[in-house]
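Asks: A single structure is presented below for examination.
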Amino acid sequence: MNLIWPLRNALTDHPDDIAVVFGDRRLTFTTFVDRVSRLASVFRALGAAPGDRIAMMGTNSDRYLEYLYAAWWCGAVINPVNTRWSAAEVAYSLDDCHTCILIVDEASAPVASELRRLSLSKSIETVIRINSGGGTGASEEWELDYETLLGDATPMEQVERSGDDLAAVMYTGGTTGQPKGVMLTHSSLYLNALSVLAAEPRPENPTGILVAPLFHVGGIGLMLQLMHRRCKLVVVAAFHEDALIKVIEAERGSEIFLVPTMLKRVVESPALQRHDVSSLQLILYGAAPIDSALLARSMKALPSASFCQVYGMTELSPVITILGAAQHDPTVSENAGRLRSAGRPVPIAEVRIVDDQDRSLPCGAVGEIVARGPMVMAGYWNKQAATQEALRGGWMHTGDGGYMDSEGFVYVVDRLKDMIISGGENVYSAEVENAIAQLPQVLLCAVVGVPDDNWGERVHAVVVVRPGETLDQDAVIAHCRKLIAGYKCPRTVEFRDELPLSAAGKLLKYQLREPFWAGRKRGVN
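And the structure:
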């Protein structure tokens, strides 16, 4: 089982059909595969052997899709880099799994220059520069130009890899303050895509809109689902609601994946009334819980589309439950309560609710959501203890608290692990606390997630300042922006004389969270 198979099948069945659209560029399957095989040849000539990691740092584009498939074509492993990370975070993700080649576009070139100038990355041997708009991209003597390399390359035969072989290392935040590289195989990604397709009917002859970042497994997941069906993939460089609405109209887009914050901005945009988006037939949403009022408003604003919620995590390739279109039908009385759920397990996933001893709990009892099946990660790169903890007993422990009803619907009600989801991005409190603690004025600090109307949750820091020192919110936030990605930085900072501790000296974060979540049905947004 290999992620290249659907692409090769499409080349055989529909060689002249449009495979990828990006701006004015339209690539048939024949052209796309030719470029993929040439880029794979470039990777091989630069020393990338099967199993080696290759990274890309850039916004969505047709070139990003070429990178993904070329890495798999030559037997390598993708390591997509989050473009919102600081240079130090990028360097860690590259060096942790010994990534040898990095591709950057014009937007990310300054970070690559910083990596090079400060010698932050020890593993990167080659940097390839793309100009997403076309033409020559390289501007530094140590950069290679993407188009020049492809023009000089000869297509190579695909390297066969098995389903158990590694396909991706996807970095997520870490509970200890260090990101973890989630190892996903060809089989886990391949079967998860098929399982999501099997769980929910899809539009005929669809045109998929890829706007979710391709450095996230959610964006890659939709890409794989579309490629399985030989669809046209319309790539949008970055999310902006007005531009996205125009693309949907121009390309007659039929399905899309959006996180709730994106969906909110789309339905609130005045542009929605000026453009015809009636081609939309399916809107997948997920990566964070959705507010019931936003969902109702979205369904009213986009009446041509069916809605489908997906729930999972990077470690699960990524989907384990789906709340399908049938459960979004407002004319069915039972659906009023189901819209608060994350849906039922997909065909390849077994899902349970367990207590702190990993014993199964009865229907309605709240515990940790765990899952097993072929979509589960192979482990965390070079983190054996963390892998064993997450996969204990053969089940992936999600860190989400929830319950299951008598019909198998899963409800997420709280977050057991110390994580915040803000705008669809995972933020681990430990990473933010480590950054804040480097301020010499800080004696103690704690970071929690609190409700936010725009982002679902926002990062809130509680700080105890050392005696005789002074500090304000702006200084804390400015300091954090030097060390971690902007979305991880606190949006609000509270100063206290002390933090709540148990008799054993353990920080009681729930006491910090309680006032913000009081009166709500669940402790996550």
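The sequence shown begins at 598 in the working numbering and counts up one residue at a time. Ideal Cβ placement from N, Cα and C applies to all residues, glycine included.
1. Can you tell me which of Arg1078, Lys1118 and Gly805 puts its alpha carbon nearest to the alpha carbon of Leu877?
2. Excluding five sequence neighbours on each side, which residues of the same chain lie with their C-beta closer than 6 Å to the C-beta of Cys1086?
3. Look up Phe836 in the DSSP assignment and say whether it is helix, strand or coil.
4. Suppose you measure from the CA of Val1047 to the CA of Tyr1000; what does that come to, to the nearest Å?
5. Measuring CA to CA, which of Val617, Phe640, Ile615 and Arg681 is closest to Gly1020?
6. Out of Lys843, Val967 and Ala939, which one is the CA nearest neighbour of Val951?
7. Going by the beta-carbon positions, is the gap between Met654 and Val701 smaller than 8 Å?
8. Could you please give the first and the last residue of the uninterrupted beta strand (DSSP E) stretch that includes Asn546?
9. Identify the continuous beta strand (DSSP E) that holds Lys777 and give its terminal residues.
10. Taking 8 Å as the CB-CB cut-off, is Thr804 touching chain D?
11. Is Ile1081 near Ser683, with beta carbons less than 8 Å apart?
12. Taking DSSP as the reference, what is the three-state secondary structure of His872?
13. Are three or more beta carbon pairs between the stretch 745-756 and the stretch 617-634 nearer than 8 Å?
14. In terms of alpha-carbon separation, which member of Arg894, Val1007, Phe1113 and Glu1004 lies closest to Arg1055?
15. Using a 10 Å radius around the Cβ and a threshold of 16 neighbouring Cβ atoms, would you call Val929 buried or exposed?
16. Provide the residue span of the beta strand (DSSP E) that contains Ile1074, from first to last.
17. Ignore the nearest five residues each way along the sequence and tell me which others in Ala884's own chain have a CB closer than 6 Å to its CB.
18. Pop quiz: Ala688 and Ser710 are said to be a contact at Cβ under 8 Å. What is the actual Cβ separation, rounded to whole angstroms?
19. What's the C-alpha gap between Leu741 and Gly1083?
20. Quick check on the burial criterion: 16 or more other C-beta atoms within 10 angstroms. Buried or exposed for Arg726?
21. In three-state terms, what does DSSP make of Leu1098?
22. What residues in its chain sit with their C-beta under 8 Å from that of Lys843, if we drop five residues either side in the sequence?
23. Apply the 10 Å Cβ neighbour rule to Trp669 and answer buried if 16 or more other Cβ atoms are within range, or exposed otherwise.
24. In its own chain, which residues sit with a C-beta less than 7 Å from the C-beta of Ala898, not counting the 5 before and 5 after it?
25. For the beta strand (DSSP E) that contains Gly991, what are its first and last residues?
26. State the CB to CB distance for the pair Ile776 and Thr769, rounded to an integer number of angstroms; the pair is presumed to be in contact (CB under 8 Å).
27. Where does the unbroken alpha helix (DSSP H) through Ile817 begin, and where does it stop?
28. CB Pro971 to CB Ser784, shorter than 8 Å?
29. Provide the residue span of the beta strand (DSSP E) that contains Gly934, from first to last.
30. Hey, Asp839 and Ser866: beta-carbon distance below 8 Å or not?
31. Any heavy atom of the ligand ADP closer than 7 Å to the CB of Gln822?
32. According to DSSP, is Gln985 part of a helix, a strand, or is it coil?
33. In terms of alpha-carbon separation, which member of Gly991, Val808, Leu604 and Asp955 lies closest to Met824?
34. Restricting to runs no shorter than 4 residues, where is the alpha helix (DSSP H) found entirely within the stretch 851-935?
35. Could you check how far apart the C-beta atoms of Val1045 and His1057 are, in whole angstroms? I think they sit under 8 Å.
36. Between the Cα of Ala677 and those of Arg935, Asn657 and Gly998, spot the shortest distance and give me the residue it belongs to.
Replies: Answer, in terms of the structure:
1. Here residue 877 is taken as the residue at index 280 of the sequence shown, counted from 1. Among Arg1078, Lys1118 and Gly805, the Cα nearest to that of Leu877 is on Gly805.
2. Taking the first residue of the sequence shown as position 1, residue 1086 is located at position 489. Cβ within range, chain order: Ile1074, Cys1077 and Arg1078.
3. As a first step, residue 836 must be located in the sequence shown, where it is residue number 239. Coil at Phe836, not helix or strand.
4. Taking the sequence shown and counting its residues from 1, one reaches residue 1047 at position 450. Taking the sequence shown and counting its residues from 1, one reaches residue 1000 at position 403. So the two alpha carbons sit approximately 22 Å from each other.
5. Here residue 1020 refers to the residue found at position 423 of the sequence shown. It is Arg681 whose Cα lies nearest to the Cα of Gly1020.
6. Residue numbering aside, residue 951 sits at position 354 when the sequence shown is read from its first letter. It is Val967.
7. In the sequence shown, counting from the first residue as 1, residue 654 sits at position 57. In the sequence shown, counting from the first residue as 1, residue 701 sits at position 104. Cβ distance < 8 Å, so Met654 and Val701 count as in contact.
8. Lying outside 598 to 1122, the shown extent of the chain, residue 546 is not represented and no answer is given.
9. Sequence index remark: in the sequence shown, residue 777 carries index 180 (1-based). That run of the beta strand (DSSP E) goes Lys777 to Thr782.
10. In the structure shown, chain D cannot be found, because there is only a single protein chain.
11. Within the sequence shown, the letter at position 484 stands for residue 1081. Within the sequence shown, the letter at position 86 stands for residue 683. Closer than 8 Å, so yes.
12. In the sequence shown, residue 872 corresponds to position 275, counting from 1. Coil, per DSSP.
13. yes
14. Taking the first residue of the sequence shown as 1, we reach residue 1055 at position 458. The option with the nearest alpha carbon to Arg1055 is Phe1113.
15. If you number the sequence shown from 1, residue 929 lands on position 332. Classification for Val929: exposed.
16. Working through the sequence shown from its first residue, we reach residue 1074 at position 477. From DSSP, Ile1074 is part of no beta strand (DSSP E) but of the alpha helix (DSSP H) over Gln1070 to Arg1078.
17. Residue numbering aside, residue 884 sits at position 287 when the sequence shown is read from its first letter. Hits under 6 Å: Gly815, Val856 and Gly1021.
18. The residue labelled residue 688 in the question sits at position 91 within the sequence shown. The residue labelled residue 710 in the question sits at position 113 within the sequence shown. About 13 Å separates the two Cβ atoms, so there is no contact after all.
19. Counting from one through the sequence shown, the residue named residue 741 turns up at place 144. Counting from one through the sequence shown, the residue named residue 1083 turns up at place 486. About 29 Å.
20. Along the sequence shown, one-based indexing puts residue 726 at 129. Arg726 comes out buried.
21. As a position in the sequence shown, residue 1098 is number 501, starting the count at 1. Note: Leu1098 maps to strand in three-state DSSP.
22. Counting from 1 along the sequence shown, the entry for residue 843 is found at position 246. These residues qualify, in order along the chain: Ala868 and His872.
23. Here residue 669 is taken as the residue at index 72 of the sequence shown, counted from 1. So Trp669 ends up on the buried side.
24. Indexing the sequence shown from 1 puts residue 898 at position 301. Cβ within range, chain order: Val864 and Leu869.
25. Here residue 991 corresponds to residue number 394 of the sequence shown, with the count starting at 1. Premise fails: Gly991 is in no beta strand (DSSP E) and is neither H nor E.
26. On the sequence shown, residue 776 is found 179 positions in, with the first residue counted as 1. On the sequence shown, residue 769 is found 172 positions in, with the first residue counted as 1. Sequence check: residue 776 is Pro here, not Ile. Contact flag correct, Cβ pair sits at about 6 Å.
27. For the purposes of this step, residue 817 is identified with residue 220 of the sequence shown, where counting begins at 1. Note, Ile817: alpha helix (DSSP H), Val814 to His825.
28. Translated into the one-based positions of the sequence shown, residue 971 becomes position 374. Translated into the one-based positions of the sequence shown, residue 784 becomes position 187. Result yes, Cβ atoms of Pro971 and Ser784 sit closer than 8 Å.
29. Position 337 of the sequence shown, counted from the start, is the residue given in the question as residue 934. Per DSSP, Gly934 belongs to no beta strand (DSSP E); it is in the alpha helix (DSSP H), Asn932 to Arg935.
30. Translated into the one-based positions of the sequence shown, residue 839 becomes position 242. Translated into the one-based positions of the sequence shown, residue 866 becomes position 269. Yes, they are a contact pair.
31. The ligand ADP is absent from the structure shown, which contains no ligand whatsoever.
32. Indexing the sequence shown from 1 puts residue 985 at position 388. Residue state, collapsed to three classes: helix.
33. For the purposes of this step, residue 824 is taken as residue 227 along the sequence shown, with counting starting at 1. Nearest of Gly991, Val808, Leu604 and Asp955 to Met824, Cα basis: Leu604.
34. 857-865, 868-871, 889-898 and 932-935
35. Along the sequence shown, one-based indexing puts residue 1045 at 448. Along the sequence shown, one-based indexing puts residue 1057 at 460. Right, the Cβ-Cβ distance comes to about 6 Å (below 8 Å), so this counts as a contact.
36. For the purposes of this step, residue 677 is taken as the residue at position 80 of the sequence shown. A small fix is needed here, since residue 677 is Pro in this sequence, not Ala. Pro677 has its Cα closest to that of Asn657, out of Arg935, Asn657 and Gly998.
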